[in-house]
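Right, one structure below, let's go through it.
Numbering (this note's numbering), first residue to last: 603 to 1090.
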């Protein structure tokens, strides 16, 4: 690499690290995720876990073993956040090498910087959730796949099958990448390819062995249930599904998030929204010009594969005709960023207004970074949102420390589980006596500290007027109106 490329790579790594590791406590603390930590703790040689996350939503137990090994290193929840953030930094860096290898340096710079500052990717990079592992594996898959098909670097066949198999451990959406292996048929006449193909398929089977064994041991056809899972989800209208399937791949490279992150809470003023929409417009132009250029160059294998990757995933989601979510399209990272990068490179080479293009691109990056910084400010001062962020780890940690300061070890959870609070108490080496109470009469006979979650479906929002009056009278602390502490 040239010196300028090394300088850029250093900048890219630094930027990616800062954005993903700053204020890690401002991360989602989902009590459902923490419940899977408890499952992972049961792993032993005599009690291996073979089933997937949520059993039918994935094809393997890799995430349980990640939880297990990280928990062995530290009981601090943030070690999981750091681990995911690290792999997503690698995803950004690998995407740069991918685009530089198959396209050009300008496209690599633009696409990797968009990736590094993407408000969507930053959310997944900082959230302990099974789809958060998809971006790194997806970039690795496409890097390997393009290397095999475009450059006949057969050794990457192994990585393409391995990354595909591992993706299935984290989300079933990876199945949509299966048709890509049909491109390998063109190499069947090459004897040198066969040894790599056999090894690659062996690696894929190896990643699927746990779920295969579990199917035999449980007597359930888990593989078939997993395969059919995507077709028993909520059916949406064809027009609505088609629209989302077409729009989401583009939306997740922009700063626009609708109400996904913030829910019904309004944090942006009209000026801020104007900048977001202007950024979306600029990215739309880059994306459209990228598509136009790619279509013109479709006879070139690398451009054909770029177009095929985008259109195939969109087409399969449309014919599936079920509800989709933004994280279903993480399997397209980095393809959608690459298209925008190719569009920028095309415009720079074709037209003379280079300074304007550079200024517009700098504006997009600035909007991304300012928006993310503002998100952190909101989360710090608002304690999360009623959208995807929910209640943050920071607030639950502060709640645990507040209870420790009270020196009260009788902790009561009313009409819901422990919200992941027990893992925080354990991490802080504070033993508590826990009661789970489901009716008001038993509550009146108890004493201790009550923790109520205003965000969960069966928390504070589910109380009747008598219960609300009682808790209001005994409230001693609330954290941003989302987590309540009562003393009785």
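Where is the CB? At the ideal position from N, CA and C, for every residue including glycine.
- Distance from the Cα of residue 966 is smallest, within the candidate group 874, 627 and 661, for 874.
- One alpha carbon belongs to residue 636, the other to residue 751, and they sit about 41 Å apart.
- With a 10 Å radius around the Cβ and a threshold of 16 neighbouring Cβ atoms, residue 997 comes out buried.
- Excluding five sequence positions before and after residue 623, the CB atoms of its chain that fall closer than 8 Å to its own CB belong to 684 and 687, given in chain order.
- The stretch 941 to 948 makes no contact with the stretch 969 to 977; the number of CB pairs closer than 8 Å stays below 3.
- In this structure, DSSP gives residue 681 a helical state, which the three-state scheme calls helix.
- Pairing residue 876 with residue 994, the inter-Cα distance amounts to about 28 Å.
- Distance check between residue 783 and each of 794, 603 and 765 places 765 closest, using alpha-carbon atoms only.
- Residue 770 has no beta-bridge partner at all, per DSSP.
- Counting along the chain, the unbroken alpha helix (DSSP H) around residue 605 starts and ends at 605 to 623.
- Excluding sequence positions up to five before and after residue 916, its CB lies within less than 8 Å of the CB of 847, 848 and 851, all in the same chain and listed in chain order.
- Secondary structure at residue 632: coil, using DSSP grouped into helix, strand and coil.
- Within the same chain, Cβ atoms closer than 6 Å to the Cβ of residue 1078 are found at 1087 and 1089, the five residues on either side in sequence being excluded.
- When secondary structure is reduced to three states using DSSP, residue 730 falls in the coil class, being assigned neither helix nor strand.
- Our two residues, residue 948 and residue 896, have alpha carbons roughly 10 Å apart in a direct line.
- Rounded to the nearest whole angstrom, the CA to CA distance from residue 933 to residue 733 is 9 Å.
- If the five residues before and after residue 742 are omitted, its C-beta is found closer than 7 Å to the C-beta atoms of 696, 761 and 765, all from its own chain and listed in chain order.
- Assigned with DSSP and collapsed to three states, residue 957 falls in helix.
- In terms of Cα proximity to residue 713, the closest of 638, 614, 778 and 769 is 614.
- Taking the CA atoms as reference points, residue 1051 sits about 41 Å from residue 926.
- Of the other Cβ atoms in all chains shown, fewer than 16 fall within 10 Å of the Cβ of residue 964; this residue is therefore exposed.
- The beta-bridge partner set that DSSP reports for residue 1077 consists of 1088.
- Here residue 1014 carries a strand assignment [DSSP, helix/strand/coil].
- One alpha carbon belongs to residue 906, the other to residue 900, and they sit about 5 Å apart.
- Taking a C-beta distance under 8 Å as the contact criterion, residue 938 and residue 854 qualify as a contact pair.
- For residue 999, the CB contacts under 7 Å within the same chain, skipping 5 residues up- and downstream, are 627 and 1026 in chain order.
- Remark: C-beta atoms of residue 679 and residue 642 do not approach each other more closely than 8 Å.
- Taking residue 863 as reference, the option from 985, 689, 909 and 725 with the minimal CA-CA separation is 725.
- Linking residue 1067 to residue 1045 through their CA atoms gives a straight-line distance of about 15 Å.
- Residue state for residue 993 is assigned as strand, using DSSP reduced to three classes.
- With distances taken between CA atoms, residue 736 lies nearest to 690 out of 781, 690 and 654.
- The Cβ-Cβ distance between residue 779 and residue 698 does not fall below 8 Å.
- In the DSSP assignment, residue 1055 falls within the beta strand (DSSP E) that extends over 1051 to 1055.
- In the displayed model, residue 902 falls within coil according to three-state DSSP, outside both helix and strand.
- Annotated three-state conformation of residue 855 is coil, per DSSP.
- In the DSSP assignment, residue 1044 falls within the unbroken alpha helix (DSSP H) covering 1042 to 1046.
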